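A.B. asks:
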Amino acid sequence: MIRSSEDIIIRTVSRILVPFIQLFALYVIAHGHYSPGGGFQGGVILGASLVLLLITYGPSDTRRHISGKSVAVFSSLGVLIYSGIGFICLLLLGNYLDYGKLSGILHVTPAEARSLGILGIEIGVGFTVMAIMFSIFFDISSGGKPPEDEKE
Amino acid sequence: MEVTLLIQATDDSFRILEDARKQAKGLLDSASILEDARRQAKGLLDSTVGVTSETRQMEKQKIQAIFKGAQEAKSSFQNFIATFFLLFVFWVLLSGKFDLFHLTMGVICSVVIAHLTHDLLLANVRVGETRVIVRRFITYIPWLIYQIILSNIHVAYLALSPRMPIDPHVLRFSTKLESDISWVTLANSITLTPGTITMDIKDGEFFVHALDKKVADDLHAGEMEDRVAHIFMEADHIYIQDALDVARIYVALRKWG
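Protein chains in written order, with our numbering: chain A, 1 to 152; chain B, 1 to 257.
(1) Mind reading off the beta-carbon distance from B/Tyr-140 to B/Arg-227? Whole number of angstroms is fine, and I expect it under 8 Å.
(2) Run through DSSP, which three-state label would A/Lys-151 get?
(3) Go through its chain and collect everything with a Cβ distance to B/Val-215's Cβ below 6 Å, but skip five positions before and after it.
(4) Rounded C-beta distance between B/Tyr-250 and B/Gln-78? I'm assuming under 8 Å.
(5) Are the C-beta atoms of A/Ala-30 and some chain B residue less than 8 Å apart?
(6) So does the segment 195–212 of chain B actually touch the segment 16–28 of chain A, counting three or more Cβ pairs closer than 8 Å?
(7) List, in chain order, every chain B residue whose beta-carbon is nearer than 8 Å to that of A/Gln-22.
(8) Does the beta carbon of B/Val-215 come closer than 8 Å to any beta carbon on chain A?
(9) Starting from B/Ser-174, follow its DSSP beta bridges and name the residues at the other end.
(10) Alpha carbon to alpha carbon, how far is B/Leu-160 from A/Ser-135? Give it in angstroms, no decimals.
(11) Three or more C-beta pairs under 8 Å: does that hold for the segment 111–120 of chain A against the segment 63–76 of chain A?
(12) Could you pull the DSSP bridge partners for B/Asp-200 from this structure?
(13) Going along the chain, which residues of its own chain have a beta-carbon closer than 7 Å to the beta-carbon of A/Val-18, five neighbours each way excluded?
(14) Does chain A have any CB closer than 8 Å to the CB of B/Val-184?
(15) So with CB distances below 7 Å, who are the chain B contacts of A/Ile-9?
(16) Could you list the residues in the segment 80–100 of chain B with a C-beta less than 7 Å from some C-beta on chain A, going in chain order?
(17) Check whether the Cβ atoms of B/Val-201 and B/Ala-187 lie closer than 8 Å to each other.
(18) Name the residue from A/Gly-120, A/Ala-72 and A/Glu-6 whose alpha carbon lies nearest to the alpha carbon of A/Met-130.
(19) Determine the chain B residues that contact A/Ile-118 at a beta-carbon separation under 7 Å, and present them in chain order.
(20) Identify the residues that DSSP records as bridge partners of B/Thr-169: which are they?
(21) At the 8 Å Cβ level, is B/Asp-180 part of the contact set with chain A, yes or no?
(22) Sort B/Trp-256, B/Leu-171, B/Ile-138 and B/Met-58 by Cα distance to B/Ile-190 and report the nearest one.
(23) Would you decide whether B/Asp-218 is buried or exposed? Buried here means 16 or more other CB atoms lie within 10 Å of its CB.
(24) From the DSSP output, in three-state form, read off A/Val-93 for me.
(25) Quick one: grab the DSSP three-state call for A/Glu-6.
(26) Run through DSSP, which three-state label would B/Glu-234 get?
(27) Can you tell me where the alpha helix (DSSP H) holding B/Asp-99 begins and where it ends?
(28) Does the beta carbon of A/His-107 sit closer than 8 Å to a beta carbon anywhere in chain B?
(29) Taking 8 Å as the threshold (C-beta atoms), are A/Gly-39 and A/Gly-100 in contact?
(30) Measure how close the beta-carbons of A/Ser-142 and A/Pro-59 come, nearest whole angstrom, since I'm counting them as under 8 Å.
(31) Closest to B/Phe-207 by C-alpha separation, out of B/Asp-180, B/Phe-101 and B/Ser-174, would be which residue?
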């Protein structure tokens with residue numbers, strides 16, 4: 001069972017670092033199609049920043065930043081974005097995840113459509129990975145018991 | 001030797017401060033006499049209205065409450081804006097792409113993160129002092145690097161000399177610093193300096209492991225603590241820069257008065 005840390009150094013440093021870690025995660029997601037990184041890596045970094053909050057500030061404070069409901073919403077929203085983009089490509093008479101076909105509805109060249117399509121996929125993957133990483137860690141750390149704010 | 005120098009400097013700055021205080025008090029006194037006369041004249045003029053001291057007090061409190069509320073609301077919004085700019089600069093440094101698409105994405109990401117975490121990054125920051133703190137913090141860094149080089153040499157001497165004259169012990173001192181961010185700055189400065197490691201902070205008490213007597217004495221002299229207090233404008237720190245500032249005001253006052 002994780003309780004909030006008493007150590008003032010850990011609390012302060014993590015409070016200052018968390019915004020930069022999260023922005024770095026978004027950078028990794030957004031630049032995934034040019035440079036190393038992508039949806040999974042960025043999602044893991046986002047999840048890690050939430051885990052850092054959890055182990056320094058404890059479950060109740062972390063739940064204020066991201067509730068159990070929003071974890072569920074984010075994990076399914078990511079899958080929806082991924083499969084949604086795939087199915088739109090199917091509807092436009094392409095293959096599943098054939099981004100080139102998106103150029104018709106986005107009014108851009110097929111090459112740009114591929115770039116944007118991959119970005120959308122990365123965002124979806126990032127959401128799901130972040131939510132699942134956090135919920136795995138949260139469930140293990142709480143010993144399988146539901147957190148207090150969801151009992152009632 | 002260094003301690004006596006420090007004490008001397010402290011004494012000097014105390015004297016300068018005291019002089020300046022006296023001077024300022026004299027000015028204030030004369031100003032308050034004028035104010036009294038003005039008030040008396042005004043009282044004679046509209047004695048029919050008759051405002052009691054109690055209502056005046058209430059008016060003052062009301063104005064203060066309004067001012068305080070406005071300041072708090074402003075500080076939350078200011079935190080958001082400051083966090084946004086910090087994060088956006090960080091984004092541009094990371095990304096290095098200046099086309100519209102990436103900058104827009106940076107703005108969106110920074111706004112989202114700033115909205116989520118503006119109460120984390122800039123908690124406990126008092127209104128209107130951030131710029132001074134940042135400037136002082138930047139000037140603190142070269143001094144810290146210099147100290148790190150000095151103690152590097154000292155620790156290298158300790159390690160390389162055949163007798164290895166170390167005398168490890170744990171110091172325990174209570175600090176005059178007030179906020180968590182200044183504690184952490186001091187603790188990390190101590191840990192960065194070779195030969196000393198901050199083990200714990202409990203209720204404003206530092207537990208520091210020191211490698212030998214000289215390092216411990218340097219720490220006890222408290223220059224690092226003074227400088228950190230100066231950065232975050234905490235404690236009634238007597239600091240040479242402050243004495244110089246006061247001296248400048250003092251000179252100006254003399255010229256003026």
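Note that the Cβ used here is the ideal one computed from N, Cα and C, for glycine as well.
If you're wondering where the values come from, they're calculated on a predicted model, not measured in any experiment.
C.D. replies: Let me spell this out:
(1) Position 140 of the second sequence, counting from 1, holds the residue named residue 140 of chain B. Position 227 of the second sequence, counting from 1, holds the residue named residue 227 of chain B. Taking 8 Å as the upper bound for CB-CB distance, B/Tyr-140 and B/Arg-227 are in contact here, some 6 Å apart.
(2) As a working note, residue 151 of chain A is residue 151 in the first sequence. Its pLDDT being 45, under 50, A/Lys-151 is placed unreliably in this model, and the value from its coordinates should be taken loosely. DSSP places A/Lys-151 in coil when its eight states are reduced to three.
(3) Looking up residue 215 of chain B in the second sequence gives position 215. Closer than 6 Å at the Cβ level, and outside the excluded window around B/Val-215, lie Gly-195 and Thr-196.
(4) Locating residue 250 of chain B in the second sequence gives position 250, counting from the first residue. Locating residue 78 of chain B in the second sequence gives position 78, counting from the first residue. The C-beta separation of B/Tyr-250 from B/Gln-78 comes to about 33 Å, leaving the pair out of contact by the 8 Å criterion.
(5) Within the first sequence, residue 30 of chain A is the residue found at index 30, counting from 1. Yes, A/Ala-30 lies at the interface with chain B (some Cβ there is under 8 Å from its Cβ).
(6) Fewer than three beta-carbon pairs drawn from the segment 195–212 of chain B and the segment 16–28 of chain A are found closer than 8 Å, and the two stretches are therefore not classed as touching.
(7) Position 22 of the first sequence holds residue 22 of chain A. The contacting residues are Ile-113, Leu-116 and Thr-117.
(8) For the purposes of this step, residue 215 of chain B is taken as the residue at position 215 of the second sequence. False, the Cβ-Cβ gap to chain A never drops below 8 Å.
(9) Here residue 174 of chain B corresponds to residue number 174 of the second sequence, with the count starting at 1. Looking at the DSSP assignment, B/Ser-174 forms a beta bridge with B/Glu-205.
(10) What you label residue 135 of chain A is simply residue 135 of the first sequence in a count that begins at 1. What you label residue 160 of chain B is simply residue 160 of the second sequence in a count that begins at 1. The straight-line gap from Cα to Cα measures roughly 51 Å.
(11) As far as the Cβ criterion goes, the segment 111–120 of chain A does not touch the segment 63–76 of chain A, which means the pair count is below three.
(12) Within the second sequence, the letter at position 200 stands for residue 200 of chain B. As computed with DSSP, B/Asp-200 is found in a beta bridge with B/Phe-207.
(13) Within the first sequence, the letter at position 18 stands for residue 18 of chain A. Ser-49, Leu-52 and Leu-53, listed in sequence order.
(14) Looking up residue 184 of chain B in the second sequence gives position 184. Using a CB distance cut-off of 8 Å, B/Val-184 counts as an interface residue toward chain A.
(15) On the first sequence, position 9 is the one that residue 9 of chain A refers to. Residues of chain B passing the Cβ test: Val-184, Ala-187 and Ile-201.
(16) Going along the segment 80–100 of chain B in chain order, one finds Thr-83, Leu-87, Phe-90, Trp-91, Leu-94 and Ser-95 with a Cβ nearer than 7 Å to chain A.
(17) Within the second sequence, residue 201 of chain B is the residue found at index 201, counting from 1. Within the second sequence, residue 187 of chain B is the residue found at index 187, counting from 1. Reading the sequence as shown, one finds Ile at residue 201 of chain B and not Val. It is a contact, given that the beta carbons lie within the stated cut-off.
(18) Locating residue 130 of chain A in the first sequence gives position 130, where the first residue counts as 1. Of the listed residues, the one whose Cα sits closest to A/Met-130 is A/Ala-72.
(19) Counting from one through the first sequence, the residue named residue 118 of chain A turns up at place 118. Here the premise fails: no neighbours, minimum Cβ distance about 14 Å.
(20) As a first step, residue 169 of chain B must be located in the second sequence, where it is residue number 169. The sequence as given places His at residue 169 of chain B; Thr does not occur at that position. DSSP lists B/Ala-210 as partners of B/His-169.
(21) Walking along the second sequence from the start, residue 180 of chain B turns up at place 180. With respect to chain A, the C-beta atom of B/Asp-180 has a partner C-beta closer than 8 Å.
(22) Sequence index remark: in the second sequence, residue 190 of chain B carries index 190 (1-based). Answer by Cα proximity: B/Leu-171.
(23) For this step, residue 218 of chain B is matched to residue 218 along the second sequence. Of the other Cβ atoms in all chains shown, 16 or more fall within 10 Å of the Cβ of B/Asp-218; this residue is therefore buried.
(24) Residue mapping note: residue 93 of chain A aligns to position 93 of the first sequence, counting from 1. What sits at residue 93 of chain A in the sequence shown is Leu, not Val. Coil at A/Leu-93, not helix or strand.
(25) Here residue 6 of chain A corresponds to residue number 6 of the first sequence, with the count starting at 1. Reduced to three states, the DSSP call for A/Glu-6 is coil.
(26) Numbered from 1 along the second sequence, position 234 holds the residue referred to as residue 234 of chain B. Collapsing the DSSP output to three states places B/Glu-234 in coil.
(27) Here the question's residue 99 of chain B lines up with position 99 in the second sequence. Careful: B/Asp-99 lies outside any alpha helix (DSSP H) and carries neither H nor E.
(28) On the first sequence, residue 107 of chain A is found 107 positions in, with the first residue counted as 1. Using beta-carbon distances, A/His-107 does not count as an interface residue toward chain B, since no partner is under 8 Å.
(29) The residue you call residue 100 of chain A lines up with position 100 of the first sequence. The residue you call residue 39 of chain A lines up with position 39 of the first sequence. Not closer than 8 Å, so no.
(30) The sequence position of residue 142 of chain A within the first sequence is 142, counting from 1. The sequence position of residue 59 of chain A within the first sequence is 59, counting from 1. A/Ser-142 to A/Pro-59, Cβ: 7 Å. Contact.
(31) Position 207 of the second sequence holds residue 207 of chain B. Per the Cα distances, B/Ser-174.
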